[in-house]
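Oh and the first sequence: position 352 is 356 in my numbering, straight run, nothing missing.
Glycine included, C-beta positions come from ideal geometry on N, C-alpha and C.
These numbers were taken from a predicted model, which means no experiment stands behind them.
Below is one structure; the comments refer to it alone.
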Amino acid sequence: MEFPENEKRPLNFIESIIEEDLKNNKNEGRVHLRFPPEPNGYLHIGHAKSICLNFGLAENYNGLCNLRFDDTNPEKEDVEYVDSIKEDIEWLGFKWDKEPYYASDYFEQLYQWAEMLIQQGKAYVDEQPQELISQQRGVPTRPGTESPYRNRPVEESLDLFRRMRAGEFKNGQMILRAKVDMNSPNMHMRDPIMYRILHQEHHRTGNSWCIYPMYDYAHGQSDYMEGITHSVCTLEFEIHRPLYDWFLDQIIDGSYRPRQIEFARLNLSYTVMSKRKLLELVQKGLVTGWDDPRMPTISGLRRRGYTPESLRNFADRIGVAKRDNVIDVGVLEFAVREHLNKITDRVMAVLNPVKVIITNYPENQSENMVLTNNPEDPEGGVHDVPFSRELYIEREDFMEDAPKKFFRLSPGREVRLKGAYIIKCEDFKKDENGNITEIYCTYDPESKSGGAGSQRKVKGTLHWVSANHAIDAEVRLYDRLFLDEDPAGHKDKDFKEFINPDSLQVITRAKLEPWLGKAGAGDKYQFQRLGYFVADKSSKPEHLVFNRTVGLRDNWAKNKG
RNA sequence: UGCCUGAUGGUGUAAUUGGCAACACGUCUGACUCUGAAUCAGAAGAGUCCAGGUUCGACCCCUGGUCAGGCAACCA
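Quick look at the structure:
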């Protein structure tokens, strides 16, 4: 599995920071990153960018990258998600340092530090209702007001905090707050909450805790404990950075200190990129699961036939910056085609068949045509494709009254059958509704591929399958990822309004060349002129199912309209 | 009308201590081809949000605006 190195690529701003740190021998020259997902859903293409960034940086600078589960909110988390996240990262080809880490492993240490802050008068237990606290926090344009409990005696807070841990209070009855600055223009600094009471079983710590630390309190401290040097996260945490640093200041005891660096998350046009919404699709049964091939999740894309290399290339290509961006899905699709084009065997299949009868080809005769598996791969080999008197071609490849720029089959015109003969359309038959039912052609025996008379040129080449030899399979087509319109601008509306119903899933049957009968789950092919397909995981030899990964570029379709 | 970010061809990213804006995708030509794909060759496309200033010289530094995004969860 070779991943092409882009030696010449200029540094992104994070790489510049790292190189600067390296030059100054900051943190003894260590480079240690982390990818910190909350196990509350499956990873999607946006996470892939972050994974490639963090693990990629570690690889390029001879550093390390931890996988850390930010599991501080048991209400939303589950081991199913933990497992899927590990699988997806490994599939992308990255290796985390040692075993995965969990924020929940630090609960005791975090608790001890919290007691220390209380003792230093830097944290206090507040027992006001949530609404009141929120109200006192005020609005960004005006200072907040201090809680009446803000200056309660240290011993009182300590006692209350211990009783919180002991389970003496109900959810929401007490919280632990850091004493920072109620007048700060930064809302996150107005005495942020450090701990809340949650009588809720945790997927790892079970029932041993009923108080859980908040993200802001847990994250920086976790980075510190793991020796993280560069804590890369998305832009929405930028405003949290002063708090990240404030908490760190309370425990730092040496020169080492992790640094938070923010970058702009990925936005893909026509694509739902919100975990919350994806969860909704799964829960409402609008898709078959997180790995439904239509989902923009890593597992969905995998099932759809995307390769790790193409995703990594995509991540590399889109770059990293602090400016908000919307990447066109076309860039993603380009990346998959680019890779699949190099590794897939070319095969023939007909989605919407119409019968072609070669009138001058003997009945009951057949012969094997030899087709190159992959013209890009000299060692890709060849395979046989049976040819006979009755064939199927794509209904779209025939036109009764064709414009001059139509390079396919129409009355009186010649066309090559890929890997076989040149045929000429002599006649055709229609049913009472005007649909073409049969096309009659003659073939030129001298024009066989690779033969002496094969040099003759015709404008078009069609894919085909022999009617009597073809195998029947289920084919699922997907159009783009999800949305009909670009979601930008409708963020507050119900996104389902923008799902294109036709794009959800078109299941149809197709005629395939017999060689495809050997296809196993995950095998990828390029169906001539139809695009790239992958045999689905549910495929069995007697019931083949192919998912379309992405189509081929089609200039004829483009110019037609 | 608080604070924090950001603004470079259609899109995404570059531009070493200021030195006539580069790369990729897309677009358009042409070649080749037994996939209207791929490949190859070539072209067009921005003068860097605006207005001032500093400078021999500004995408880069300064001042003032404009526009866009973010921030007021006991989520992460």
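| Query | Result |
| --- | --- |
| First through last residue of the beta strand (DSSP E) which encompasses Asn372 | Ser370 to Thr376 |
| heavy atom of the ligand NAP below 6 Å from Lys564 C-beta | The ligand NAP is not part of this structure, which contains no ligands at all. |
| Residues of its chain near Ser451, where Cβ-Cβ distance is below 7 Å and the 5 sequence neighbours each way are ignored | Tyr425, Ile426, Gly457, Ser458 and Arg460 |
| Length of the line joining the Cα atoms of Ile179 and Val129 | 6 Å |
| Candidates Asp253, Leu37 and Val351: closest to Leu121 by CA position | Asp253 |
| C-beta atoms of His36 and Thr238 nearer than 7 Å | no |
| Inter-residue spacing [alpha-carbon to alpha-carbon] between Tyr199 and Gln113 | 13 Å |
| Bridge partner(s) assigned by DSSP for Gly210 | His206 |
| Val286 in three-state terms, based on DSSP | helix |
| Ile18, buried or exposed, once every other Cβ within 10 Å from all chains shown has been counted against 16 | buried |
| For Ile197, the three-state DSSP class (helix, strand or coil) | strand |
| Paired residues, beta bridge with Ser470 - DSSP | Leu395 |
| First and last residue of the uninterrupted alpha helix (DSSP H) at Ser226 | Tyr219 to Glu230 |
| Contact check, Ile265 vs Val236, beta carbons under 7 Å | yes |
| Assigned secondary structure, Ile256 (DSSP; H/G/I helix, E/B strand, else coil) | coil |
| contact_flag[the region 37–57, the region 309–322] where n(CB pairs < 8 Å) is 3 or more | yes |
| Closest Cα partner of Pro262 within the set Ala561, Leu534, Arg34 and Asp558 | Arg34 |
| Residue from Ser138, Pro407, Ser188 and Thr441 with nearest C-alpha to Lys564 | Pro407 |
| Backbone secondary structure at Pro133 - three-state DSSP | coil |
| Burial state of Arg420 (16 or more Cβ within 10 Å) | buried |
| N- and C-terminal bounds of the alpha helix (DSSP H) containing Ser161 | Val158 to Arg169 |
| Cβ shell of Tyr248 (< 6 Å), same chain only, five flanking positions each side left out | Gly224 and Gln264 |
| Beta-ladder partner(s) of His234, from DSSP | Arg263 |
| Boundaries of the alpha helix (DSSP H) in which Glu242 is found, first to last residue | Premise fails: Glu242 is in no alpha helix (DSSP H) and is neither H nor E. |
| Cβ pair Ser1, Ser392 closer than 7 Å | The first residue shown for the chain is 5 and the last is 565, placing residue 1 beyond what the model contains. |
| Distance between beta carbons of Gly309 and Val479, contact taken as under 8 Å | Contact doesn't hold; Cβ gap of about 13 Å is too wide. |
| Status (buried if at least 16 other CB within 10 Å, exposed otherwise) for Gln116 | exposed |
| 7 Å Cβ shell around Pro545 - same chain, five flanking residues per side excluded | Gly521 |
| Coarse secondary structure for Leu270, derived from DSSP in three states | coil |
| When His547, Lys515, Thr512 and Tyr536 are compared against Gly524, the one with the closest alpha-carbon | His547 |
| Residue interval of the alpha helix (DSSP H) (run including Phe318) | Pro312 to Ile322 |
| Assigned exposure category for Met191 - 16 Cβ within 10 Å defines buried | exposed |
| Supposed close pair Met403, Val389 - CB separation, criterion 8 Å | Between Val389 and Met403 the Cβ distance is about 25 Å, and since that is not below 8 Å, they are no contact. |
| Spatial distance of Glu400 from Val354 (CA atoms) | 10 Å |
| Residue interval of the beta strand (DSSP E) (run including Gly443) | Here residue 443 turns out to be Ile, not Gly, going by the sequence shown. Note, Ile443: beta strand (DSSP E), Ile440 to Asp448. |
| Identified DSSP bridge partners for Leu355 | Paired residues: none, contrary to the question. |
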